[in-house]
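In what follows, a single structure is set out as structure tokens and then discussed.
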Amino acid sequence: LLLLLSLVCCSAAASVDKPNLSKSFLPHYEPDGGDAVGSSQDTRLHVFTVDYDYVQIPYEVTLWILLASFAKIGFHLYHRLPRLMPESCILIAIGTLVGAIIFASDHKSPPVMSTSIYFLYLLPPIVLEEGYFMPTRPFFENFGSIIWWSVLGSLLNSFGIGLSLYGICQIEAFGLTDLNLLQNLLFGSMISAVDPVAALVVFEEASVNEPLYMMIFGESLLNDGITVVLYNIFIAFTQMHRYEEIESIDVFAGFARFFVVGLGGVLFGVVFGFLSALMTRFTHNVSAIEPLMVFMFSYLSYLSAETLYISGILAMTACAVTMKKYVEENVSQNSYTTIKYFMKMLSSVSETMIFMFMGVSTVGKNHEWNWAFVIFTLLFCLIWRTLSVFALFYISNKFRTYPFTLKDQLIISYSGLRGASSFSLAFLLPVNLFPRKKLFITATLVVIYFTVFIQGITIGPLVRYLDVRKTNKKESINEEIHVRLMDHLKAGVEDICGHWSHYQLRDKFKKFDNKYLKKILIREHQPKSSIVSLYKKMEIKLAIELAEGGMNISESSTAALQSGRNQQVHRLSPTEVKLMRDVLAHNLYQVRQR
Numbered sequence: 001l002l003l004l005l006s007l008v009c010c011s012a013a014a015s016v017d018k019p020n021l022s023k024s025f026l027p028h029y030e031p032d033g034g035d036a037v038g039s040s041q042d043t044r045l046h047v048f049t050v051d052y053d054y055v056q057i058p059y060e061v062t063l064w065i066l067l068a069s070f071a072k073i074g075f076h077l078y079h080r081l082p083r084l085m086p087e088s089c090i091l092i093a094i095g096t097l098v099g100a101i102i103f104a105s106d107h108k109s110p111p112v113m114s115t116s117i118y119f120l121y122l123l124p125p126i127v128l129e130e131g132y133f134m135p136t137r138p139f140f141e142n143f144g145s146i147i148w149w150s151v152l153g154s155l156l157n158s159f160g161i162g163l164s165l166y167g168i169c170q171i172e173a174f175g176l177t178d179l180n181l182l183q184n185l186l187f188g189s190m191i192s193a194v195d196p197v198a199a200l201v202v203f204e205e206a207s208v209n210e211p212l213y214m215m216i217f218g219e220s221l222l223n224d225g226i227t228v229v230l231y232n233i234f235i236a237f238t239q240m241h242r243y244e245e246i247e248s249i250d251v252f253a254g255f256a257r258f259f260v261v262g263l264g265g266v267l268f269g270v271v272f273g274f275l276s277a278l279m280t281r282f283t284h285n286v287s288a289i290e291p292l293m294v295f296m297f298s299y300l301s302y303l304s305a306e307t308l309y310i311s312g313i314l315a316m317t318a319c320a321v322t323m324k325k326y327v328e329e330n331v332s333q334n335s336y337t338t339i340k341y342f343m344k345m346l347s348s349v350s351e352t353m354i355f356m357f358m359g360v361s362t363v364g365k366n367h368e369w370n371w372a373f374v375i376f377t378l379l380f381c382l383i384w385r386t387l388s389v390f391a392l393f394y395i396s397n398k399f400r401t402y403p404f405t406l407k408d409q410l411i412i413s414y415s416g417l418r419g420a421s422s423f424s425l426a427f428l429l430p431v432n433l434f435p436r437k438k439l440f441i442t443a444t445l446v447v448i449y450f451t452v453f454i455q456g457i458t459i460g461p462l463v464r465y466l467d468v469r470k471t472n473k474k475e476s477i478n479e480e481i482h483v484r485l486m487d488h489l490k491a492g493v494e495d496i497c498g499h500w501s502h503y504q505l506r507d508k509f510k511k512f513d514n515k516y517l518k519k520i521l522i523r524e525h526q527p528k529s530s531i532v533s534l535y536k537k538m539e540i541k542l543a544i545e546l547a548e549g550g551m552n553i554s555e556s557s558t559a560a561l562q563s564g565r566n567q568q569v570h571r572l573s574p575t576e577v578k579l580m581r582d583v584l585a586h587n588l589y590q591v592r593q594r
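Quick note on numbering: full-length UniProt numbering labels position 187 of the sequence shown as 187, and the sequence is numbered without any gaps.
Now the structure itself:
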């Protein structure tokens, strides 16, 4: 079935001309009320006609999505396959096969995914899903280390790889002397964009310790935004260098722009997150549009940020993190379920399409091979990743209560997989500024293939071999109660001693949130969860189960429940456990107000 769909896509791409994008999706008629265009040639009525141009774009998009979906289904049918290799390996391999068939049938390079399609349509769902479902508590508990590693790590890798490659380009024997410093620095920033999705999947299966997982998760969340900002700055410098010399004031302006674009994106996202939460406060009578509010405001934050040349990735991430807490209080249960699964579906389809197009783009005439540049690029990526990890964590460990072990640092350095961001940024390079763009594309694809296939496949056995420190996937309710109790005790001790840490900051934000934000962003008439309401829900559910089992509903609820308990011990379902956690969040985590 996969091969059949591949052949259909290939034959359509090879035998049909490109559609006229100016053509309307509706039948076109002359202003004087005449017949449709083309009817002058053949005015008779046909029983069967074919108009592929009219449906070509949506038809081929649908076929690609179906092919990607069938690839994911086939990958997970064999339960051992996900343990042997990442999903991205299979998707890239299928894309390469499709690209080879297209190239063999028409002897032309297969269609390459437009960078505007990637950045405007495929990337936002992935960013939104990562930000919305981010575990906020462990993320902000490790926020300092995550920012330290994500920002400085990206800068070290970008400048380290760029400067090292510039040194290699000065050797005339390699034939790379036409690549100047700015071009190498831009390539270094582009190739530093990591995509450790495969590593995160392995970490979840192996139940690695929470700080290690959050460092990789935080890097995947922030790295793309940071590298794209660097990429745009070096593009601007390259354009400037064609007409005038770059002065020291321009360099300082570039660093200032780096922070303005990053921080501006975060602030922009927070504002849109609050607006989204505020709008869902008034949608209780039209709950059908609640998911629409969430998706539209998130996407609008991304597009608005890109319009103002600030980081859309960081804006959408901040928007998702900000609005989640308040949106879930306002929307109905059905809307929450819709938001959750629709968001995951969009993200999954986008990731699948990206990896398949990456494989398709491998085959064709878009490459220039230079052994020295390709091999040294791969070598410097591995070296600078390792050096930056050990150097930065050596410093950050001095300020951590629980430092990262040598095994943790080795796993972090091995998790630097490259992916779609590097691939798309390479194709985005303007040819007039980078005459050897094809060389950059080739080197980028080699690094992606090496990291995805070699490191992605071997990281699971490496985690098991090193026996990285494990942690429980989820705390029990008893543990959660005691963790919250200790949080209150630590905040109280710090308050008495006059010491500030994240416990005090969390305490202060909780007070501000309860006093101002919740009153504005959450519907006031909505009742909070309580132990009594939870008991009623559990009682009703148990009564329904007993009634479905054939018991007489007319007898009292208490008697029915007692009879049911005499028959078997009722174990809490995952839904009931989640409800109890909501009770803890609403009732047991109340701080002392002053």
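Backbone N, C-alpha and C fix where the C-beta goes; we use that ideal spot for every residue, glycine too. Just so it is clear, the structure is predicted and the values come from calculations on it, not from any experiment.
- Inter-residue distance for N514 and Q504 is about 15 Å (C-alpha atoms, whole angstroms).
- Separation of M279 and R137 (C-alpha to C-alpha, rounded to the nearest whole angstrom) is 25 Å.
- When the beta-carbon positions are compared, L417 and V452 come within less than 8 Å of each other.
- Under DSSP, no beta-bridge partner is assigned to R484.
- When the beta-carbon positions are compared, A305 and G262 stay at least 8 Å from each other.
- Here D224 has A193, I313, S421 as same chain residues with Cβ atoms under 7 Å from its own Cβ, once five neighbours each way along the sequence are excluded.
- Within 10 angstroms of the beta-carbon of F252 lie fewer than 16 other beta-carbons, which makes it exposed.
- Taking every protein chain shown into account, the CB of D507 has 16 or more other CB atoms within 10 angstroms, so this residue is buried.
- If you look at L120, you'll find it isn't in any alpha helix (DSSP H); DSSP assigns it neither H nor E.
- Boundaries of the alpha helix (DSSP H) harbouring F140: 136-141, taken from the DSSP string.
- Between F393 and S88, the CB-CB gap reaches or exceeds 8 Å.
- Counting only residues of its own chain and dropping the five nearest sequence neighbours on each side, P211 has a CB closer than 6 Å to the CB of N142.
- The criterion of a C-beta distance shorter than 8 Å is satisfied by A443 and F373.
- Per DSSP, the beta-bridge partners of V194 are R418.
- Across the structure, R469 and V208 are spaced so that their CA atoms are roughly 6 Å apart.
- DSSP, read as helix, strand or coil, puts Y309 in coil.
- For the 8 Å CB-CB criterion, W149 and M214 do not form a contact.
- Ranking T283, F268, R281 by CA distance to the CA of Y299 puts F268 first.
- Residue S388 holds the alpha-carbon nearest to the alpha-carbon of L410 among S388, L179, F427.
- The three-state reading of DSSP puts L97 in helix, counting H, G and I together.
- Check the Cα spacing between I375 and each of V483, A288, Y449: the tightest is with Y449.
- Contact annotation: G359 and M85 have beta-carbon atoms that are not nearer than 8 Å.
- About 15 Å separates the beta carbons of L445 and T115, which is beyond the 8 Å limit, so they are not a contact pair.
- Burial of Q183 is indicated by the presence of at least 16 other C-beta atoms within 10 angstroms of its C-beta.
- Excluding residues up to 5 positions away in sequence, T352, M353, M356 lie with their Cβ nearer than 6 Å to the Cβ of A68 in the same chain.
- Per the coordinates, the alpha-carbon of E328 lies some 26 Å from the alpha-carbon of S311.
- Going by DSSP, F159 is part of the alpha helix (DSSP H) stretching over 153-169.
- If you check the CB distance, E290 and V331 come in under 8 Å.
- Rounded to whole angstroms, the Cβ separation of S154 and T238 is 19 Å, and the two are not in contact under 8 Å.
- Counting along the chain, the unbroken alpha helix (DSSP H) around I448 starts and ends at 437-449.
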